[in-house]
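Student: Have a look at the structure that comes next, please.
Residue numbers (our numbering), protein chains in the order written: chain C, 1 to 297; chain G, 1 to 252.
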């Protein structure tokens with residue numbers, strides 16, 4: 001075959017693949033926006049579901065998702081930052097322990113999210129919760145059941161690798177001469193980390209947090225068994241309450257609802273809210289990360 | 001000649017198996033300027049960094065021999081490296097102020113040592129900046145970022161930052177190599193002023209700078225100390241052929 005023809009064919013195939021991807025993204029956005037935009041209004045965002053969840057808004061799902069991601073971040077970020085500090089500042093690259101941690105972090109990042117859900121069910125509810133109950137209330141059921149705390153902690157485990165990787169990357173961009181300047185003034189290693197390294201890594205810590213939140217906000221599988229509910233007539237007001245979540249709400253509205261057709265506008269609008277939320281969080285993270293990389297050069 | 005401040009005895013340093021400093025011994029007098037010269041890679045910066053144990057930060061470094069400061073071996077097991085580095089300040093080749101205000105840069109050292117009283121910090125900042133001959137240039141922008149200053153000003157900020165912890169010895173690792181002639185002249189003038197109170201050890205690959213600023217000069221070559229003497233003798237009447245060749249530009 002003529003080499004020029006081959007070239008044209010390869011170019012066409014690669015071009016078509018790109019077009020395909022653009023087509024998919026545009027379709028998702030178009031369908032969601034066309035279907036969801038007309039139903040997106042203040043009442044939808046601020047009301048509880050009504051009439052067997054075929055009318056009304058998604059207020060409790062928004063609040064539930066928000067609280068869940070906040071608790072998740074409070075748990076995952078400090079833990080992730082401390083791990084990242086250890087990996088970047090204290091661990092000897094070649095040591096067995098550093099390599100083990102790195103292997104564990106990578107493995108954690110590829111575990112399917114439903115496995116986290118099962119782990120949360122088994123560990124937090126079946127083990128921690130059960131023992132808490134027998135310790136605190138003589139076996140009366142309170143913590144050994146799904147709730148927002150266990151769901152958030154399960155989600156924290158899922159998002160931990162994201163935090164660790166972003167923070168470690170940021171810590172490593174702090175130039176060596178900054179650390180040396182601090183040490184040469186008689187600062188201890190910990191003072192150097194606290195006063196020089198961490199302040200310089202703030203944008204990395206923020207990036208990690210936002211990426212974790214945006215990942216956690218959209219995930220359903222980990223909270224399926226650990227705390228999310230179909231419907232709740234009140235907002236969670238204690239850590240042992242269950243909660244509604246946006247992702248789970250979409251799932252139940254489209255598969256479990258008594259009248260799937262009637263709830264279609266709600267599904268679209270909820271999807272749009274979730275998409276807007278995760279897109280904007282990701283956009284912020286991308287901008288922050290771009291800034292860190294620029295500084296690293 | 002003044003009293004001996006730093007006494008080095010048989011110091012050797014290895015990176016892994018590579019011998020970077022070979023059995024160095026020398027006496028450095030107090031409140032004078034001692035310059036280390038020599039071609040790149042001769043070990044002069046490595047040697048400087050053994051004097052405040054900055055090489056401790058690098059994996060695989062092994063050190064033999066002794067460095068005595070005020071008759072105390074700083075490689076002794078009981079030595080607190082943090083205290084040592086307060087006493088032996090360091091100025092780096094590339095000015096490295098923190099991404100903080102001028103004030104916070106200078107106050108960094110006192111603060112990590114537990115000083116928090118504002119009046120004390122204010123005094124220290126002013127005194128240090130004055131000593132580093134940069135007070136007049138920055139007194140109206142103490143709370144601007146130190147990174148907004150010029151390279152020469154940044155380097156004097158770094159000197160002021162070191163002075164703020166009241167060191168006795170200042171190690172300067174090619175402090176002017178990245179600066180223009182005017183900034184370099186200011187740093188050299190400053191060195192001249194500072195030696196009244198501090199023992200200064202400066203690494204430079206600029207021989208005129210060594211000749212202008214120092215009282216004593218030591219020539220390093222491939223990890224060996226070739227010769228050390230009064231600067232005027234090194235530059236006019238060295239005893240070793242290698243020294244003569246180096247200062248006359250025949251190698252290096």
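Just so it is clear, CB atoms sit at the ideal spot from N, CA and C, and this is done for glycine as well.
Please read these numbers as outputs of a predicted model, since none were measured by experiment.
Any residues in the stretch 86-105 of chain G with a beta carbon nearer than 7 Å to a beta carbon of chain B? Which ones, in chain order?
Tutor: Annotation note: the requested chain B is absent from the structure, which comprises protein chains C and G.
Student: With DSSP as the reference, label residue 209 (chain C) as helix, strand or coil.
Tutor: For this step, residue 209 (chain C) is matched to residue 209 along the first chain. DSSP places residue 209 (chain C) in helix when its eight states are reduced to three.
Student: Look at residue 81 (chain G) and residue 69 (chain G) and say whether their C-beta atoms are less than 8 Å apart.
Tutor: Stepping through the second chain from its first residue, residue 81 (chain G) is reached at position 81. Stepping through the second chain from its first residue, residue 69 (chain G) is reached at position 69. In this structure, residue 69 (chain G) does not lie closer than 8 Å to residue 81 (chain G) by Cβ.
Student: Which term fits residue 173 (chain G), buried or exposed, when burial requires 16 or more other beta carbons within 10 angstroms of its beta carbon?
Tutor: Counting from one through the second chain, the residue named residue 173 (chain G) turns up at place 173. When all chains shown are included, residue 173 (chain G) counts as buried.
Student: Given residue 4 (chain G), which residues of its chain have a CB within under 8 Å of its CB, disregarding the five upstream and five downstream residues?
Tutor: On the second chain, position 4 is the one that residue 4 (chain G) refers to. Answer for residue 4 (chain G): 27, 28, 29 and 30, listed in chain order.
Student: Report the start-end ranges of each beta strand (DSSP E) in the stretch 190-273 of chain C that is 3 residues or longer and not cut off at the edges.
Tutor: The qualifying runs do not exist here; there are none.
Student: Cα separation between residue 219 (chain C) and residue 177 (chain G)?
Tutor: Walking along the first chain from the start, residue 219 (chain C) turns up at place 219. Walking along the second chain from the start, residue 177 (chain G) turns up at place 177. So the two alpha carbons sit approximately 55 Å from each other.
Student: So, is the C-beta of residue 16 (chain G) closer than 8 Å to a C-beta in chain C?
Tutor: Start at 1 with the first residue of the second chain, and residue 16 (chain G) comes out as number 16. By this cut-off, residue 16 (chain G) is not an interface position.
Student: Measuring only the C-alpha atoms, how far is residue 216 (chain G) from residue 76 (chain G)?
Tutor: Within the second chain, numbered from 1, the residue matching residue 216 (chain G) stands at position 216. Within the second chain, numbered from 1, the residue matching residue 76 (chain G) stands at position 76. Approximately 27 Å, taken between the alpha carbons.
Student: Using the beta-carbon of each residue, which ones in chain C are nearer than 9 Å to residue 191 (chain G)?
Tutor: Sequence index remark: in the second chain, residue 191 (chain G) carries index 191 (1-based). Chain C residues near residue 191 (chain G): none, gap ~18 Å exceeds 9 Å.
Student: Classify residue 86 (chain G) as buried or exposed, calling it buried when 16 or more other Cβ atoms lie within 10 Å of its own Cβ.
Tutor: Taking the second chain and counting its residues from 1, the one referred to as residue 86 (chain G) is at position 86. Per the 10 Å Cβ criterion, buried.
Student: Report back the beta-carbon spacing between residue 11 (chain G) and residue 50 (chain G) to the nearest angstrom; my notes put them in contact at under 8 Å.
Tutor: As a working note, residue 11 (chain G) is residue 11 in the second chain. As a working note, residue 50 (chain G) is residue 50 in the second chain. Confirmed, about 6 Å.
Student: Check whether the Cβ atoms of residue 35 (chain G) and residue 184 (chain G) sit closer than 8 Å, and answer yes or no.
Tutor: Locating residue 35 (chain G) in the second chain gives position 35, counting from the first residue. Locating residue 184 (chain G) in the second chain gives position 184, counting from the first residue. Not closer than 8 Å, so no.
Student: Going by alpha carbons, who is nearest to residue 194 (chain C) out of C:86, C:11 and C:2?
Tutor: As a first step, residue 194 (chain C) must be located in the first chain, where it is residue number 194. Of the listed residues, the one whose Cα sits closest to residue 194 (chain C) is C:86.
Student: Going by DSSP, name the residue or residues bridged to residue 49 (chain C).
Tutor: As a first step, residue 49 (chain C) is located in the first chain; it is residue number 49 there, counting from the start. Answer is C:56, bridged to residue 49 (chain C).
Student: Can you tell me whether residue 141 (chain C) is helix, strand or coil according to DSSP?
Tutor: Translated into positions along the first chain, residue 141 (chain C) becomes position 141. Note: residue 141 (chain C) maps to coil in three-state DSSP.
Student: Would the beta-carbon of residue 58 (chain C) fall within 8 Å of that of residue 273 (chain C)?
Tutor: Against the first chain, residue 58 (chain C) aligns to sequence position 58. Against the first chain, residue 273 (chain C) aligns to sequence position 273. The answer is yes: Cβ separation under 8 Å.
Student: Starting from residue 67 (chain G), trace the alpha helix (DSSP H) in both directions and tell me its first and last residue.
Tutor: Locating residue 67 (chain G) in the second chain gives position 67, where the first residue counts as 1. Where residue 67 (chain G) is concerned, there is no enclosing alpha helix (DSSP H), although the beta strand (DSSP E) it sits in stretches over 61-69.
Student: Mind pulling the alpha helix (DSSP H) runs of 4 or more residues that sit fully within the stretch 53-128 of chain C?
Tutor: 59-85, 96-110 and 113-120, all fully within the stretch 53-128 of chain C.
Student: The alpha helix (DSSP H) that contains residue 158 (chain C), what's its start and end?
Tutor: Locating residue 158 (chain C) in the first chain gives position 158, where the first residue counts as 1. It spans 148-172 - the alpha helix (DSSP H) in which residue 158 (chain C) sits, taken as one unbroken run.
Student: Work out the CA separation of residue 47 (chain C) and residue 266 (chain C) for me, nearest whole Å.
Tutor: In the first chain, counting from the first residue as 1, residue 266 (chain C) sits at position 266. In the first chain, counting from the first residue as 1, residue 47 (chain C) sits at position 47. Roughly 12 Å between the two C-alpha positions.
Student: What number of angstroms, rounded off, separates the C-alpha of residue 92 (chain G) from the C-alpha of residue 169 (chain G)?
Tutor: Along the second chain, one-based indexing puts residue 92 (chain G) at 92. Along the second chain, one-based indexing puts residue 169 (chain G) at 169. If I take the Cα positions, the gap works out to 14 Å.
Student: Could you check what DSSP says for residue 53 (chain G) in three-state terms: helix, strand or coil?
Tutor: Mapped onto the second chain, residue 53 (chain G) falls at position 53. Three-state result, residue 53 (chain G): coil.
Student: CB residue 167 (chain C) to CB residue 210 (chain C), shorter than 8 Å?
Tutor: Within the first chain, the letter at position 167 stands for residue 167 (chain C). Within the first chain, the letter at position 210 stands for residue 210 (chain C). In this structure, residue 210 (chain C) does not lie closer than 8 Å to residue 167 (chain C) by Cβ.
Student: Taking the alpha helix (DSSP H) that residue 99 (chain G) belongs to, which residues open and close that run?
Tutor: Position 99 of the second chain, counting from 1, holds the residue named residue 99 (chain G). Premise fails: residue 99 (chain G) is in no alpha helix (DSSP H) and is neither H nor E.
Student: Please report how far the alpha carbon of residue 6 (chain C) lies from the alpha carbon of residue 22 (chain C), in whole angstroms.
Tutor: Locating residue 6 (chain C) in the first chain gives position 6, where the first residue counts as 1. Locating residue 22 (chain C) in the first chain gives position 22, where the first residue counts as 1. Approximately 24 Å between the Cα atoms of the pair.
Student: Check for me: the alpha helix (DSSP H) holding residue 81 (chain G) runs from which residue to which?
Tutor: Locating residue 81 (chain G) in the second chain gives position 81, counting from the first residue. From DSSP, the alpha helix (DSSP H) with residue 81 (chain G) extends over 81-87.
Student: Going by C-alpha to C-alpha distance, which of C:248, C:208, C:263 and C:257 sits closest to residue 44 (chain C)?
Tutor: Here the question's residue 44 (chain C) lines up with position 44 in the first chain. For the residues C:248, C:208, C:263 and C:257, the minimum Cα distance to residue 44 (chain C) belongs to C:263.
Student: For residue 109 (chain G) and chain C, any beta-carbon pair shorter than 8 Å?
Tutor: Here the question's residue 109 (chain G) lines up with position 109 in the second chain. Output row for residue 109 (chain G): interface = yes.
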